[in-house]
Amino acid sequence: MKTALLAGATGALFGVGLIVSGMTQADKVVDFLDLANLWDPSLAFVMAGAIAVHLVLYRLVLRRKSPLFAESFGIPTRTDIDGRLVGGAALFGIGWGLGGYCPGPGLVSMTSGASNAIAFVLALTVGMQLFHMYEVHRAGPAEARPTPKPQPSPFPSKESA
Amino acid sequence: MDLARFLLSLWVHTAPTERVSALDPGDPMILSPNFDPVSAAAGGALIGLAATFLMLSLGRIAGISGIYGGLLRPKAGDTSWRLAFVLGLLGAGAVASLFAPEALAPTASRSLLATVAAGLIVGVGVRVGNGCTSGHGVCGLSRFSRRSLVATLTFMATGIATASLIQIFFGGVA
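Those sequence lines, one after another, are chains A and B.
So the first sequence is numbered by the numbering used here: it starts at 415 and just counts up by one.
So the second sequence is numbered by the numbering used here: it starts at 5 and just counts up by one.
Written out as structure tokens, the structure reads:
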């Protein structure tokens, strides 16, 4: 219950950040990505502001042995660049430029009742679900799958090493 | 032929009348009057703060596509915080839609059809590439993750290419 309340408050803060930054106005995102028209550099300032804060505070947080209300930090440890990463990111960018929404602003904007935002989130959900179904299909029946390797402890953060 | 024209009219729902293009030779790059660096950086700082709180309290990366996508494959004990986070996002939006609806204004330059196609592509893309603007762009870059740097450069490049090509070939309307 406590963790859910914390996560809810954090989500709300994240949402307020998106709203204050203007990223829930799809026009500002389109105007950032569209270099062939009047340019709105806002999105770069949003990312710079977010990274400037998180870059410093993230490192302070990681001085702790564990998070306040969980057993360990869940930090990705992969460093390999594969086609899946690049291909997925490329697809995401195409959809982003086409619709003017990425998942966060889409979810927040949906509450306005704007049909575009609602349609985006519904289609986003379908797209995610389609990929899940493809992955399950590709993996074959559950009994035929090799047992997954135990996850290494997520704590070590020496990812850039 | 008529069918093709009809389908195209669904896609390009407004005929562009006057194109404003900065690509014309001799034209300087012009900034949009909507550009607001202070709000952008301040809002960004709040996003960075939220990402820090999530790491400090639950040890989780604040990647929206990962948090939301995890709800579609619920695992025991791993659902309530995701649901709460998404409800928090929606709550912020609901308050804004009451008091400042213009802050959630959709763009008039994208048709419903284009937006649905965009949603499908984004849904697949963020799951294949393990992240979106928040997970790779904010959290990953803050961690100096090589994977996130590559992902961010890639989606920025294809996003800019897509929106710019829509401007060049369809007058900015899709």
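Glycine included, each C-beta is placed from N, C-alpha and C at the ideal position.
Note that this is a predicted model, so its numbers are computed, not measured.
Counting only the Cα atoms, Leu457 (chain A) lies some 11 angstroms from Ser43 (chain B). For Gly488 (chain A), at least one C-beta of chain B is nearer than 8 angstroms to its own C-beta.
When secondary structure is reduced to three states using DSSP, Leu35 (chain B) falls in the strand class. Restricting attention to alpha helix (DSSP H) runs no shorter than 4 residues, the region 33-100 of chain B encloses them at 41-62 and 68-76, ordered along the chain. A direct Cα-Cα distance of roughly 29 angstroms separates Ile71 (chain B) from Asp454 (chain A). Here the alpha carbons of Thr137 (chain B) and Gly52 (chain B) stand approximately 12 angstroms from one another. Boundaries of the alpha helix (DSSP H) harbouring Arg473 (chain A): Ser456 to Val475, taken from the DSSP string. Within chain A, no residue has its beta carbon less than 9 angstroms from that of Pro78 (chain B); the closest one is some 12 angstroms off.
Take the alpha-carbon of Ser115 (chain B) and the one of Leu512 (chain A): they are about 10 angstroms apart. For Lys479 (chain A), the closest Cβ of chain B is not nearer than 8 angstroms. Interface annotation, Gly436 (chain A): in contact with chain B, CB-CB separation under 8 angstroms. Look at Val177 (chain B): its C-beta is not under 8 angstroms from any C-beta on chain A. With a 10 Å radius around the Cβ and a threshold of 16 neighbouring Cβ atoms, Ser101 (chain B) comes out buried.
Around the CB of Ile532 (chain A), 16 or more other CB atoms lie within 10 Å, so the residue is classed as buried. Ala98 (chain B) and Ser526 (chain A) have their C-alpha atoms spaced approximately 7 angstroms apart. Closer than 7 angstroms at the C-beta level to chain A, one finds these residues of the region 89-107 of chain B: Phe89, Val90, Leu91, Gly92, Leu93, Leu94, Gly95, Ala96, Gly97, Ala98, Ala100, Ser101, Pro105 and Ala107. If the five residues before and after Pro481 (chain A) are omitted, its C-beta is found closer than 7 angstroms to the C-beta atoms of Phe487, all from its own chain and listed in chain order. Secondary-structure assignment with DSSP links Trp453 (chain A) through a beta bridge to B:Leu35. The beta carbon of Pro555 (chain A) sits no closer than 8 angstroms to any beta carbon of chain B. Take the alpha-carbon of Thr119 (chain B) and the one of Arg477 (chain A): they are about 43 angstroms apart. Sixteen is the threshold: when 16 or more other Cβ atoms of the shown chains lie within 10 Å of the Cβ of Ala66 (chain B), as they do, the residue is buried. The beta carbon of Leu108 (chain B) sits closer than 7 angstroms to those of Gly97, Ala100 and Ser101, all from its chain and outside the five residues before and after it, given in chain order.
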